[in-house]
Amino acid sequence: MIRLILSFILLLPLGRCHGPALDCRQEDLTCSTTTLIASGLLNPIDCSDDGIVWTSHSASEANTWYAATHGNNTFAAVSLDGTNRVMTSADGTSWTPRSAAEANGWNAIAFGNGLFVALSSTGTNRIMTSADGITWTPRAAPEANLWYGITYGDGIYVGVANNGTNQVMTSTDGVNWNPHAAAEANQWGAVTFGNGTFVAVSYNGTNRVMSSTDGTSWFPRAAAGTSTWRSVTYGNGLFVAVAISGATRLMTSPDGVTWTGRTIPEANQWASVTYGDGLFVAVSSDGTNRIMTSTDGINWVSRTAPAANQWQTVTYGNGQFVAVSQDGTNRVMTSTCD
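All residue numbers for the sequence shown refer to my numbering, where the first residue is 1 and numbers rise by one.
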């Protein structure tokens, strides 16, 4: 990108940041209500390549890395196997191995209220928590389910499971958890929070979406297709879900209730989707181009990953996107707006 030296700058309130006049990211400047006007030269700080150019990095160990999140100025990822099943990074590029609380298959992680919380599908204690991502403490889940998804919103942690009698659990502190019935006995694999609503998606079932305003009472919703829905996120007033199989592999909803299928550039096994600073990013475990990006969640463009790995998750934090994979020489990739 090209950056020009400005001689005079006037901050002019506009009430919006992203748009034709200015597309900036939070690491460049605080721009939620301003744009830049220069005497002589107009230089929008164009960070629109964010999420397009990616760089490979080594993971701390060659584990099956399955989930990642960002919080407290730290990226944290968890894996299904390996000696040290957690790794952390301050910058997304250099990673340090950490011991998990137990040698479980850790496959979900979230951050909220100053706490990292990870969930597992195996083991005695299928929850572990950490304030810093380094030292982890085991916690008891209310049921020994295959816990595959977790999010934090409105002061509540919510986890969802592939199986079990009560396939939802909630906690206000990440330590003590309560079980709840899901809307349907589906294989729930992911959950997110946005606009006052929790939304979960599933691999199977009649209604493959469920929503809740409190995390405890859930209502079934019809998905845009009978696809294997793997991941869901919220950003810019829109829920976006992706699937690893099916005729419709991306759907959107403004409220988590009514869903619309969208056309995407490649029919990959889309494993994860996230939102950060004006951009949706999804990663896949197969295909020619294993990344796709969108500014509105509706129109998508395929991107080239630096390695043909089986990318399992993507997250956003501190001005960059970070994805981890279950295989390959370099199992981390990042995209940063410079």
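Positions of the beta carbon are idealized from the N, C-alpha and C atoms, including for glycine.
- From which residue to which residue does the beta strand (DSSP E) around A131 run? Element bounds for A131: n/a, residue is neither H nor E.
- Query: Mind checking P13: buried by the 16 CB within 10 Å criterion, or exposed?
  - Reply: The pLDDT assigned to P13 is 37, lower than 50, so where the model puts this residue is not dependable; a value taken from the coordinates is nonetheless given after this. For P13, the number of other beta carbons within 10 angstroms of its own is below 16, and it is reported as exposed.
- Count the other C-beta atoms from every protein chain shown that fall within 10 angstroms of the C-beta of D154, then say buried if there are 16 or more, exposed otherwise. Counting C-beta atoms within 10 angstroms of its own C-beta, D154 has fewer than 16 neighbours from the protein chains shown and is therefore classed as exposed.
- R303 bridges to which residues according to DSSP? R303 is bridged by DSSP to I291.
- Query: Which partner residues does W65 have in the DSSP bridge list?
  - Reply: Paired residues: S79.
- Taking the alpha carbon of E61 as the point to measure from, which residue in T334, S231, S325 and T336 has its own alpha carbon closest? Ranking the options by Cα distance to E61, first place goes to S325.
- Under 9 Å between the Cβ atoms of P413 and L238? Outside the displayed range of the chain (1 to 338) lies residue 413, so it cannot be described from this structure.
- Message: For a quick check, are the C-beta atoms of Q187 and N163 less than 9 Å apart?
- Response: Yes, the Cβ-Cβ distance between Q187 and N163 is below 9 Å.
- Query: Smallest Cα separation from A182: which of R98, A101 and A161?
  - Reply: For the residues R98, A101 and A161, the minimum Cα distance to A182 belongs to A161.
- Determine the burial state of N309: buried for a count of at least 16 other Cβ atoms within 10 Å of its Cβ, exposed for fewer. Answer is buried; the Cβ neighbour count reaches 16.
- Just the Cα atoms here: how many angstroms apart are H180 and N113? C-alpha separation (whole angstroms): 22 Å.
- Query: For the candidate residues W106, A144, T122 and T124, whose alpha-carbon lies nearest to that of F340?
  - Reply: Given a span of 1 to 338 for the chain in the structure shown, any question on residue 340 remains unanswerable.
- Message: Comparing C-alpha positions only, which one of L279, N125, N63 and A140 sits nearest to V301?
- Response: The residue with the shortest Cα to Cα distance from V301 is L279.
- Message: Mapping the DSSP letters down to three states, classify L238 as helix, strand or coil.
- Response: Note: L238 maps to strand in three-state DSSP.
- Can you name, in chain order, every residue of its own chain whose Cβ lies under 6 Å from the Cβ of G92, other than the five neighbours on each side? Within the same chain, and ignoring the five residues on either side of G92 in sequence, the residues whose Cβ sits closer than 6 Å to its Cβ are F75, Q320, V322 and T334.
- Item | Whole beta strand (DSSP E) elements within the region 137 to 211, 3-residue minimum | As far as the region 137 to 211 is concerned, its whole beta strand (DSSP E) runs of at least 3 residues are 137 to 139, 147 to 153, 156 to 161, 168 to 171, 178 to 180, 188 to 194 and 197 to 202.
- Could you tell me if G328 is buried or exposed, where buried requires 16 or more neighbouring beta carbons within 10 angstroms of its beta carbon? Its Cβ being crowded by 16 or more others within 10 Å, G328 is buried.
- Message: For the beta strand (DSSP E) containing V314, name the first residue and the last one.
- Response: Looking at the DSSP string, the run of the beta strand (DSSP E) that includes V314 is W311 to G317.
- Message: Once DSSP output is grouped into helix, strand and coil, what is the label at R262?
- Response: In the three-state reduction of the DSSP assignment, R262 falls in the coil class, being assigned neither a helical nor a strand state.
- Item | Closest by C-alpha distance to N195, when choosing among V257, V175 and G149 | Just measuring C-alpha positions, the residue of V257, V175 and G149 sitting nearest N195 is V257.
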